[in-house]
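Chain order of the listed sequences is W and U. Quick note, the first sequence lines up with residues 949 to 1060 if you use the numbering used here. Quick note, the second sequence lines up with residues 7 to 120 if you use the numbering used here. Yeah, the Cβ is synthetic: ideal placement off N, Cα and C, and Gly gets one too. Note that the structure is a prediction, hence the values are computed from the model and not measured. Quick notes on the structure that follows.
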Amino acid sequence: DQQVKQNSPSLSVQEGRISILNCDYTNSMFDYFLWYKKYPAEGPTFLISISSIKDKNEDGRFTVFLNKSAKHLSLHIVPSQPGDSAVYFCAATFGTASKLTFGTGTRLQVTL
Amino acid sequence: DAGITQSPRYKITETGRQVTLMCHQTWSHSYMFWYRQDLGHGLRLIYYSAAADITDKGEVPDGYVVSRSKTENFPLTLESATRSQTSVYFCASRGTSGITSEQYFGPGTRLTVT
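Right under this line is the structure:
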């Protein structure tokens, strides 16, 4: 049972445009969400996170939105740059648990 | 070098062999994790450790063994490798500064079981 789902395996966006990556979850216990970025042959790196007490968190070009009633979060990248081309993983956790549950990832390609 | 390292980076082994993947971190982080990454499954937790000598199962622990005698090391052993264990394995660590402390990942080990 996939508790964190990323239904779009891939996304292609033109440079300068907005990239929107989506993530859905089923476990209502989740109260903290993270996005990781992964380049080929490297480990994932932390990008941005959001607590369930917020509905938005912004860091430069990256903004994460959380809709708890819909159990949905999204990552917006504006403007998209070629260096943003990578696989993006959504992850969730709850309470004092240290474990993260990851989605299957979305491959973003930013074209010139 | 500071950070989190994994060795080997690439490994080919035969079915039935025992193989150990190494993970070392220099931050003295309490928590360490092992994940495997497979197409269509994302990252799945195999085992994790909250401190030296404390380990617990994750989502897919069968066929794997871990130990943590020192804070900085967290080896993962495949006791009798199977083809289904062909995967990319990532080690991660995090501190104890609350839930907002993100995990830091190593570069991964690509394991092929023939």
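Looking at U:V119: is its Cβ nearer than 7 Å to the Cβ of U:A87? One-based indexing of the second sequence puts residue 119 of chain U at position 113. One-based indexing of the second sequence puts residue 87 of chain U at position 81. Between U:V119 and U:A87, the C-beta gap is smaller than 7 Å, which places the two residues in contact.
Between W:V1026, W:Y984, W:G964 and W:S1017, which lies nearest to W:Y973 when the distance is taken from Cα to Cα? The residue labelled residue 973 of chain W in the question sits at position 25 within the first sequence. Among W:V1026, W:Y984, W:G964 and W:S1017, the Cα nearest to that of W:Y973 is on W:S1017.
Using beta-carbon positions only, say whether U:Y16 and U:R116 come within less than 7 Å of one another. Counted from its first residue, the second sequence places residue 16 of chain U at position 10. Counted from its first residue, the second sequence places residue 116 of chain U at position 110. Yes, they are a contact pair.
Would U:T32 and U:A8 qualify as a contact pair, given that the criterion is a beta-carbon distance under 7 Å? For the purposes of this step, residue 32 of chain U is identified with residue 26 of the second sequence, where counting begins at 1. For the purposes of this step, residue 8 of chain U is identified with residue 2 of the second sequence, where counting begins at 1. Yes, they are a contact pair.
What separation, rounded to the nearest whole angstrom, lies between the Cα atoms of W:K985 and W:K1004? Along the first sequence, one-based indexing puts residue 985 of chain W at 37. Along the first sequence, one-based indexing puts residue 1004 of chain W at 56. Straight through space, the alpha carbons of W:K1004 and W:K985 are spaced by roughly 19 Å.
Check whether the Cβ atoms of W:Q954 and W:T1049 sit closer than 7 Å, and answer yes or no. Locating residue 954 of chain W in the first sequence gives position 6, counting from the first residue. Locating residue 1049 of chain W in the first sequence gives position 101, counting from the first residue. The Cβ atoms of W:Q954 and W:T1049 lie no closer than 7 Å to each other.
Taking the straight line between their C-alpha atoms, what separation do you get for W:T1052 and U:G114? Reading the first sequence from its first residue, position 104 is the one you call residue 1052 of chain W. Reading the second sequence from its first residue, position 108 is the one you call residue 114 of chain U. So the alpha carbons of these two residues sit roughly 17 Å apart.
Looking at C-alpha atoms only, which residue of W:S958, W:E1006, W:S1046 and W:P1027 is the closest neighbour of W:D979? Mapped onto the first sequence, residue 979 of chain W falls at position 31. Closest by alpha carbon: W:S1046.
Could you name the residues of the region 982–993 of chain W whose beta carbon sits closer than 9 Å to any beta carbon of chain U, in the order they occur along the chain? Hits within the stretch, in order: L982, Y984, K986, A989, E990, G991, P992 and T993.
Simplified DSSP assignment, three categories, for U:S90: Position 84 of the second sequence, counting from 1, holds the residue named residue 90 of chain U. Under the three-state reduction of DSSP output, U:S90 falls in the helix class.
Helix, strand or coil: how does DSSP classify U:D59 here? Stepping through the second sequence from its first residue, residue 59 of chain U is reached at position 53. Three-state result, U:D59: coil.
Residue-level contact to chain U via CB, W:K1047, 7 Å cutoff: In the first sequence, the residue the question calls residue 1047 of chain W occupies position 99. By this cut-off, W:K1047 is an interface position.
Report the residue from W:I1025, W:L1021 and W:S1033 whose alpha carbon sits nearest the alpha carbon of W:P988. Within the first sequence, numbered from 1, the residue matching residue 988 of chain W stands at position 40. Comparing Cα positions, the closest option is W:S1033.
Those residues which DSSP pairs with W:Q962 across a bridge: In the first sequence, residue 962 of chain W corresponds to position 14, counting from 1. Assignment of beta-bridge partners to W:Q962 by DSSP yields W:T1059.
Let me see if you follow: with CB-CB separation under 7 Å, is W:F1050 close to chain U or not? Here residue 1050 of chain W refers to the residue found at position 102 of the first sequence. Proximity of W:F1050 to chain U, defined by a Cβ-Cβ separation below 7 Å, is satisfied.
Rounded to a whole number of angstroms, what is the C-alpha to C-alpha distance between U:I52 and U:F39? For this step, residue 52 of chain U is matched to residue 46 along the second sequence. For this step, residue 39 of chain U is matched to residue 33 along the second sequence. The C-alpha of U:F39 is placed about 8 Å away from the C-alpha of U:I52.
Got a sec: is the Cβ-Cβ distance from W:G1008 to anything in chain B below 7 Å? Protein chains W and U are contained in the structure displayed, whereas chain B is not.
Out of W:G964, W:V961 and W:I998, which has the shortest C-alpha to C-alpha gap to W:N1015? Translated into the one-based positions of the first sequence, residue 1015 of chain W becomes position 67. Looking at the Cα atoms, W:I998 is the closest of the given residues.
In three-state terms, what does DSSP make of W:D949? Taking the first sequence and counting its residues from 1, one reaches residue 949 of chain W at position 1. Assigned with DSSP and collapsed to three states, W:D949 falls in coil, not helix or strand.
Let me know the alpha helix (DSSP H) ranges lying completely inside the region 7–77 of chain U, each 4 residues or longer, listed in chain order. Within the region 7–77 of chain U, no complete alpha helix (DSSP H) run reaches 4 residues.
Closest Cβ-Cβ distance between U:G112 and chain W: below 7 Å? One-based indexing of the second sequence puts residue 112 of chain U at position 106. Interface residue, yes.
If you compare alpha carbons, which of W:V1026, W:E990 and W:L982 is closest to W:C971? Locating residue 971 of chain W in the first sequence gives position 23, counting from the first residue. The option with the nearest alpha carbon to W:C971 is W:L982.
Of the residues W:F1042, W:L1060 and W:L969, which one's Cα is nearest the Cα of W:S976? Reading the first sequence from its first residue, position 28 is the one you call residue 976 of chain W. The candidate whose alpha carbon is nearest that of W:S976 is W:F1042.
How many whole angstroms separate the CB atoms of U:T102 and U:S36, which I take to be in contact at a CB cut-off of 8 Å? As a first step, residue 102 of chain U is located in the second sequence; it is residue number 96 there, counting from the start. As a first step, residue 36 of chain U is located in the second sequence; it is residue number 30 there, counting from the start. Confirmed, about 5 Å.
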